[in-house]
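Trainee:
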Amino acid sequence: MVRICAVQMNVVHNDVPKNHKKAKNYVVQAGDKECDFLVFPEIFLEGVIRDIGSLNKLARPIPGEYTDWFTKYAEEYGMHIVMGSIHEKTVDGFYNTSVLIDDKGNIVGKYRKNFLWASENKFLKPSKERPVFDTKFGKVGINICWDFAFPEVANTIARKGAKILFGPSFWSLEDKYGMAKNSSTLEKLSNVEPEPQFVDTLVSARAYENEMLVVYVNPYGKYNLGNYEINLFGHTQLAMPFFGTFAKMHDDEGMLVVDANTEWLDMAEEVYAIRKTYND
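In the working numbering, the protein residues as written are 21 to 300.
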């Protein structure tokens, strides 16, 4: 059994102090709930960054200022923290990177987003690495948002032995427009709302096809980019084989607290033998 605390918070555009203050409040709440893993959404501290000036101002190295805050919290409250993701500054450029911290306050490792969303491609670098991390609850892995649309990412991580997949995300209703430019396409898309269903389908599918516990964490609420506004729809959820999505948040900020019985994952391997088939 593992207790997961998944934070569905509203994120303020490029306001690190305000977002950090809110995140710290959730750390305290998760400590009171004696959570094993506290999971934040993608880019939960800085929000969206799409220009070099803002990246140079707000991005940080790993380890660095942002990770120092959360290694301290993890040690203080004795829980693992998945730091959603932050914009990582390196000598080679910038990455969208998630950091896993253990319950002693040590950085276990980091995962860099493999598949960048349309607007990220101009300023961020993709990664091809798909690491797996050892914890006292077994091996775990991470996907970031758009990675979920590419099943080989989660599958590679599963074949390396991960039983839990954390999925910090920053998914909005407006993502349906993506890279569409054709006026006819844009007009037709305005009459449908596909993104929540897209997410729900991906999360459940990744759980079944890889015999994993999938923890998907998305912000909620209006996000003001200055010139326009997008709507983050939440749908933070946990899914596993036999049950699909078995715990979920919808329209609100808050923290989803779930005790997940990982014995079902072993039973799924016995019944379906998907991992074994791949390995064979």
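The beta-carbon is built from N, C-alpha and C at its ideal position, and this holds for glycine as well.
Values in this document were obtained by computation on a predicted structure and should not be read as measured data.
1) Determine which residues share a DSSP beta bridge with V36 and list them.
2) Which of helix, strand or coil does DSSP assign to Y115?
3) Is the beta carbon of V237 sitting closer than 7 Å to the one on I24?
4) Can you pull the DSSP bridge partners for D279?
5) Take the Cβ of F262 as the centre, count every other Cβ of all protein chains shown within 10 Å, and call the residue buried at 16 or more, exposed below.
6) Less than 7 Å separating the beta-carbons of N378 and L144?
7) Assuming R295 is part of the alpha helix (DSSP H), what are its boundary residues?
8) Beta strand (DSSP E) containing K208: first to last residue?
9) R132 to S105, Cα distance in whole Å?
10) Are the Cβ atoms of E289 and E231 separated by less than 7 Å?
11) To which residues does DSSP link S147 through a beta bridge?
12) Starting from S379, follow its DSSP beta bridges and name the residues at the other end.
13) Taking buried to mean at least 16 other C-beta atoms within 10 Å of its own C-beta, is L206 buried or exposed?
14) Using the Cα positions of K268 and G198, report the straight-line distance between them to the nearest angstrom.
15) Does the beta-carbon distance from L222 to M260 come in below 7 Å?
Mentor: On the basis of the supplied data:
1) In DSSP, V36 forms no bridge with anything.
2) Strand, per DSSP.
3) Contact check for V237 against I24 fails: the beta carbons are separated by 7 Å or more.
4) Under DSSP, D279 shares a beta bridge with R23.
5) Counting C-beta atoms within 10 angstroms of its own C-beta, F262 has fewer than 16 neighbours from the protein chains shown and is therefore classed as exposed.
6) Nothing about residue 378 can be read from this structure; the chain reaches only from 21 to 300.
7) Start and end: 294-299.
8) First-last for K208: 203-209, but that is the alpha helix (DSSP H), not the beta strand (DSSP E).
9) Across the structure, R132 and S105 are spaced so that their CA atoms are roughly 9 Å apart.
10) For the pair E289 and E231, the CB atoms are nearer than the 7 Å cut-off.
11) For S147, no pairing in a beta bridge is given by DSSP.
12) The structure shown does not extend to residue 379, since the chain spans only 21 to 300, so no value can be given for it.
13) Per the 10 Å Cβ criterion, exposed.
14) Those two C-alpha atoms are separated by around 25 Å.
15) With respect to the 7 Å criterion, L222 and M260 are not classified as neighbours on the basis of their beta carbons.
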